[in-house]
Amino acid sequence: MRSVSMCSIDQKRRVPSGFTLVELLVVMSVVGILVGLLLPAINLARESARATQCQNNLRQMALGLHGFAVSNGGRFCTGNFDWKEDGAVTEQGWVADLVRSGILPGELLCPSSQAGVSVTVEQVLTATDWANWRCADPRGGKGERLPTGKWLVNPCRIITDFGAVGDPAVTHRTYVDRRELVQVELIEKGFNTNYGASWFLARSDLKFADRTRMSLASDISGCPPGVWSRASTAGPLRQRLVDNSRASTSSVPLLGDTYEANATLSLPLGDAAAAGSPLAIHRFGGPATWNASTGEIFFPDASSVASSPSGGFTPVLWYEETAQNLLALSPRHRGVCNVAMADGSVRQFHDRNGDGYLNNFSNLPKYRLGSRSPFSSDEAEVAPTDMTTFFSLSRYRGE
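Using this note's numbering, the first residue of the sequence shown is number 308, and each one after it goes up by one.
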């Protein structure tokens, strides 16, 4: 019988059968370090892809607005996506214009925004005071009579005239409730966005009651004056206004990344958004001034203009003490905000000091930071040559 020495047995015992605890800990530490190094790069790549998608979305919609202008006498759109201020949202506003052109803004959402639904959708979902609205017709058109004898009625008119569910004897279909109406007729058909329209796109210019004081006009009965009011503005942007302005076409903003509003969605809308989800602000810009004592930025009206540096409606106020209010623009792409311009390009604007806002007011010689200034420094982050922030294209640089 073959003998086995104690030496060979001892050698077999010393052959390792796997990792020791120390070796395993070393491997895990190395893996952890590698993951820690890779994750920022992966996240950066993901955000870069989202920012690129956002730019492509804005470019596609800007080109769609150009196409609309070609077919509609140079007018870029019919107004903002706003039921109360502009009218029935499937008939009026830039979102409705693009949907009719075959471009669905509801499918071209910024992937970096926390909001998947516009504040306007919530407006259609919950508003009940339309009888008091005076700036635009909340009902919209009467509709189209179908061969069946029923009427194809827009959803806003179904809400105002047919209790939000429709009438089986009159309307083309009925709905379980208002939530289903909004989901079917708005969300599923692309009437939604999480971008905002610029003041230039939706309102274009101011109208004044007199040339001397330059107080705001009010030419719609019952509609109060204001820089965003249809009663005090010239209507949607036209190509002629852009062409005749000394501002470059590439500096006139149309659409951009906007912040989430201080409100949430009241009811779930399928896969689009759950109840309680953030809502996207639907507009940005508009000529604003600042409180001479605190530095707070505001839209001047009859009650607030007294706190401006000029203390009233004067040419000095408009020409020297106003700039477009860009506080709704969101530099959400790692400190960068994407904005589509009137030439179809998409520009990137950098929040260089990280305060969350794009400071264009520091371009004004008179502006000073105050206790309620939104900006953390007096560094101008938006050059007028990159984005026009004056109060008017037609009166650019005092002309």
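Each residue gets a CB set at the ideal place from its N, CA and C atoms; glycine is no exception.
Beta-carbon separation (whole angstroms), residue i vs residue j, contact threshold 8 angstroms
i: Asp564; j: Cys361; result: 7 angstroms
i: Ser539; j: Ser558; result: Ser539 to Ser558, Cβ: 24 angstroms. No contact.
i: Ile410; j: Gly371; result: 4 angstroms
i: Ser505; j: Pro594; result: Their Cβ separation, rounded to whole angstroms, is 12 angstroms, which puts Ser505 and Pro594 out of contact at 8 angstroms.
i: Glu429; j: Ala635; result: So it is not a contact: roughly 16 angstroms between Cβ atoms.
i: Arg537; j: Glu354; result: With a Cβ gap of about 38 angstroms, Arg537 and Glu354 do not count as contacting.
i: His589; j: Thr696; result: Their Cβ separation, rounded to whole angstroms, is 20 angstroms, which puts His589 and Thr696 out of contact at 8 angstroms.
i: Leu562; j: Met368; result: 6 angstroms
Residue i and residue j closer than 7 angstroms at C-beta
i: Phe388; j: Met521; result: no
i: Glu603; j: Arg679; result: yes
i: Ala422; j: Pro585; result: yes
i: Ala687; j: Asn666; result: yes
i: Leu544; j: Leu508; result: yes
i: Trp401; j: Cys384; result: yes
i: Thr500; j: Ala649; result: no
i: Asp662; j: Phe682; result: yes
i: Ala587; j: Ser425; result: yes
i: Gly394; j: Ala443; result: yes
i: Arg441; j: Cys530; result: yes
i: Phe591; j: Gly503; result: yes
i: Leu432; j: Val489; result: yes
i: Gln546; j: Gly381; result: yes
i: Gln364; j: Leu415; result: According to the sequence shown, residue 364 is Asn rather than Gln. In this structure, Leu415 lies closer than 7 angstroms to Asn364 by Cβ.
i: Phe469; j: Val396; result: no
Contact set for residue i: own chain, Cβ-Cβ below 6 angstroms, skip 5 residues either direction
i: Thr596; result: Pro607, Ser615, Glu628, Thr629
i: Arg704; result: Low local confidence applies: a pLDDT of 44 at Arg704 is under 50, so the model's placement there is unreliable, with the coordinate-based value given in what follows. For Arg704, where only same-chain residues beyond five positions count, there are no Cβ hits under 6 angstroms.
i: Ala516; result: Ser522, Ala524
i: Arg702; result: none
i: Met694; result: Ser558, Pro560
Residues of its chain near residue i, where Cβ-Cβ distance is below 7 angstroms and the 5 sequence neighbours each way are ignored
i: Glu398; result: Gly447, Gly448, Asn461
i: Ala582; result: Leu572, Ser573, Leu574, Pro575
i: Leu332; result: none
i: Ser617; result: Val623, Leu624, Glu628
i: Ile316; result: In this prediction, Ile316 has a pLDDT of 48, which is less than 50 and means its spatial position is unreliable; what the coordinates show is noted afterwards. Cβ within range, chain order: n/a, list empty.
i: Arg641; result: Glu354
i: Ser637; result: Asp564, Thr565, Tyr566, Cys644
i: Ile465; result: Ala471, Gly473, Thr478, Leu488
i: Lys673; result: Pro616, Glu627, Glu628
For residue i, the residue or residues it bridges with in DSSP
i: His657; result: Val643
i: Pro594; result: Gln631
i: Ala504; result: Leu562, Arg590
i: Glu492; result: Beta-bridge pairing links Glu492 to no other residue.
i: Glu567; result: Ala587
i: Phe620; result: Phe620 is not bridged to any residue.
i: Val424; result: Leu586
i: Met648; result: Pro560
i: Glu451; result: Leu459
Contacts around residue i, its chain only, beta-carbon distance under 8 angstroms, and the 5 residues preceding and following it disregarded
i: Arg366; result: Ala647, Gly651, Ser652, Val653
i: Thr327; result: none
i: Arg480; result: Gly473
i: Trp458; result: Lys449, Gly450, Glu451, Arg452, Val477, Thr478, His479
i: Gly374; result: Ser408
i: Asn670; result: Ala630, Ala687, Val689, Ala690, Pro691, Thr696
Cutoff 7 angstroms: residue i Cβ touching any chain D Cβ
i: Ala570; result: Looking at the structure shown, chain D is missing, and only one protein chain is on hand.
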